[in-house]
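Right, one structure below, let's go through it.
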Amino acid sequence: MKSLVEEVAATPGGENIRACIQCGVCTGTCPMAGEMEYPPRKIIALIRAGMRDEVLSSSSMWYCLSCYMCTVRCPRGVKPTELAHALESLATEHRFKIKRTRTPAMYRSFVNSIRGNGRVHELGMMVRYYLSIMPDLLANPLATIKMLPLGLKLLLHKRMPLLPKKVEGKEELSKIIQKFREVRGAQ
Amino acid sequence: MKYYTYYPGCSAEATAVGLGISVEAIAKPLDMELIELEGWTCCGSTPYGSLDELESIVVAARNLALAEQTGLDLVTPCSSCFITLYQADIKLKDHPQLMAQINEALAVANLEYHGSVRVRHLTEVLVNDITPEVITTKVKRPLNGLKVAPYYGCQLVRPDYGFDDPEFPQSLDRLVECLGAKAVPFPLKNRCCGGSLIIPEEDLALGLIRKLLDNAVENGAQCIVTPCPLCQTNLDAYQSRVNSKFKTHYNVPVLFITQLIGLALGIDPKSLGLNTNIVSPSEVLDYIYNYINYITTH
């Protein structure tokens, strides 16, 4: 059985985790650290302590904005941004339910829009997203209604096409993804 | 004339349509021939990489393989597409086994990637290939010292492409100044706008956007310019949301750098998609077109 740190190090983006010296520059730099139950320095410590469930069910990495400031400043080349993406990938692969944040639901809607259309169709993505968080929305109808003027403004400024564009490479992309899943599964 | 393979990215055709329109409008006058990559699809995107890193590289690889056949540099105006395609290319070259697996998948479409594409951001091309020195010679309508806050966002300069300093970038400042505008000091010019978390975590992102607007206005900016479609959408479309959340009264136009360049080249506002900007840029236009009138009445 692999340890958590081995598992993370074997995931693309997590390769450099062992280089961390726990200096905390990443956490000091992160604009979202205040929102995370385990900011970057701490989550690395938890990974090395083998606390798998705590790490992978955590909402912390889902607050990463991919601003790469920590990656630029880390004196050991750990690349915490990539590490956050690796942890998100692992949590998704092992079907951890993430509480506290809607980010995983938004990402899923975004990716499903790509898988369906070959490109992102924003309106379609938003509809998928809102449907996926419907119980939440119904619990707070006022906040939902407040989003309408923004949608309307985008629409009136020609920034929200109603229908997805016909994408030439769509079927080809689906075939390639399908084949990749087979190749990956076989190994 | 310089030739490039052009990758617009999804948002340049939708939420950031002003970017797509203005890039196409300034290309010819700046002697760039942007040839749109035929059959392009999504770049792979950050959310895709978060849910399934390897599959997102497959999506990127198809575009890279198509671009490789053209033999030209692959240029995108979108910072997010740029980082995704750029990093996918590096990861494929660093992991030959992954490259082999992905090429096995690409083979169903008779495609193969060899790792020879040079992925470039349009801003970098404007600075290094076209150059501010040449752009300035093509300016037909100097911007009269318009005070501009150059907003880089994150993924144009980070993690580190060697193109500009990741902490104190200057390239966009140079582009702004070569048009006859003044780049105001803007200490937060490379801090994050909240990115796509504006959708699931709006309150947090609005706090970041507020700091940026505040920093730009405090330094006297008449407008903000950025190359990034997501930054522009957050600062422009969500400005009224910032105002209602924080009881503020920001009214700062947010232009794409390509729109600002277009204005200086003498292209009319509509051909630059300025009608798609949500905070009206009318004061900026007034300043540029009716300068004498403007300074005597303000």
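Note that the protein sequences, when read in sequence, are chains A and B. What the first sequence shows, in this note's numbering, is residues 1 to 187, in sequence order. What the second sequence shows, in this note's numbering, is residues 1001 to 1298, in sequence order. The beta-carbon is built from N, C-alpha and C at its ideal position, and this holds for glycine as well.
query: Sequence ranges, beta strand (DSSP E) only - wholly within the segment 1088-1148 of chain B, length at least 3; result: 1119-1121
query: Every unbroken alpha helix (DSSP H) within the segment 69-102 of chain A, with a cutoff of 4 residues, ordered by chain; result: 69-73 and 80-93
query: The segment 1245-1256 of chain B in contact with the segment 1160-1179 of chain B per 3-pair CB rule at 8 angstroms; result: no
query: Segment contact flag, the segment 1194-1211 of chain B with the segment 165-179 of chain A, C-beta cutoff 8 angstroms, min 3 pairs; result: no
query: N-terminal and C-terminal residue of the alpha helix (DSSP H) that Lys1002/B is part of; result: No alpha helix (DSSP H) contains Lys1002/B, which is instead part of the beta strand (DSSP E) from Lys1002 to Tyr1006.
query: Nearest-angstrom Cβ-Cβ length linking Leu65/A and Pro39/A, presumed shorter than 8 angstroms; result: No, Leu65/A and Pro39/A are not in contact; Cβ-Cβ is about 13 angstroms, not under 8 angstroms.
query: N- and C-terminal bounds of the beta strand (DSSP E) containing Met1032/B; result: Met1032 to Glu1036
query: Nearest-angstrom beta carbon gap, Thr27/A and Arg1158/B [assumed within contact, 8 angstroms]; result: Not quite, the Cβ-Cβ distance comes to about 17 angstroms (not below 8 angstroms), so this is no contact.
query: Proximal residues of chain B, C-beta to C-beta of Ile47/A below 8 angstroms; result: Within 8 angstroms Cβ-Cβ: nothing; Ile47/A doesn't reach chain B, min ~17 angstroms.
query: Opening and closing residue of the alpha helix (DSSP H) in which Phe1256/B lies; result: Note, Phe1256/B: premise wrong, no alpha helix (DSSP H); beta strand (DSSP E) at Val1254 to Phe1256.
query: Distance between beta carbons of Gly1049/B and Thr1084/B, contact taken as under 8 angstroms; result: 7 angstroms
query: Proximity test, Cβ basis, 8 angstroms: Ala33/A and chain B; result: no
query: Test item: CB-CB of Tyr1113/B and Glu1068/B under 8 angstroms; result: yes
query: Local conformation of Lys1182/B per DSSP, three classes; result: strand
query: CB contact below 8 angstroms: Gly990/B versus chain A; result: Past the boundaries of the shown model lies residue 990/B; chain B is included only from 1001 to 1298, so the question cannot be answered.
query: Pair within 8 angstroms by beta-carbon distance, Leu1146/B and Tyr1287/B; result: yes
query: Environment of Gln1239/B [buried if 16+ CB atoms lie within 10 Å]; result: buried
query: Limits of the unbroken beta strand (DSSP E) element including Val1075/B; result: Leu1074 to Thr1076
query: Range of the contiguous beta strand (DSSP E) that encloses Cys1223/B; result: Cys1223 to Thr1226
query: At least three beta-carbon pairs within less than 8 angstroms, the segment 151-162 of chain A to the segment 113-129 of chain A; result: yes
query: Per DSSP, cross-strand counterpart(s) of Pro1150/B; result: Val1225/B
query: Thr1248/B at chain A interface by Cβ criterion, 8 angstroms; result: no
query: C-alpha gap between Phe96/A and Ile176/A, whole angstroms; result: 27 angstroms
query: Alpha-carbon to alpha-carbon, Ser1271/B and Thr1131/B; result: 23 angstroms
query: Cβ of Ser89/A within 8 angstroms of any chain B Cβ; result: yes
query: C-beta contact flag for Ile1135/B and Ile1261/B at 8 angstroms; result: yes
query: Thr1226/B versus Ile1267/B - alpha carbon distance; result: 19 angstroms
query: Cα-Cα separation between Ser1080/B and Ala49/A, rounded to whole angstroms; result: 34 angstroms
query: With 16 other Cβ atoms within 10 Å as the buried cut-off, status of Leu1051/B; result: buried
query: Backbone secondary structure at Met147/A - three-state DSSP; result: coil
query: Nearest residue (CA-CA) to Ala105/A, options Ser59/A, Leu83/A and Pro12/A; result: Ser59/A
query: Positions along the segment 1137-1171 of chain B whose CB lies within less than 8 angstroms of some CB in chain A; result: Cys1154, Gln1155, Arg1158, Pro1159, Asp1160, Pro1166 and Glu1167
query: Contact between the segment 138-149 of chain A and the segment 1211-1228 of chain B (3+ Cβ pairs under 8 angstroms); result: no
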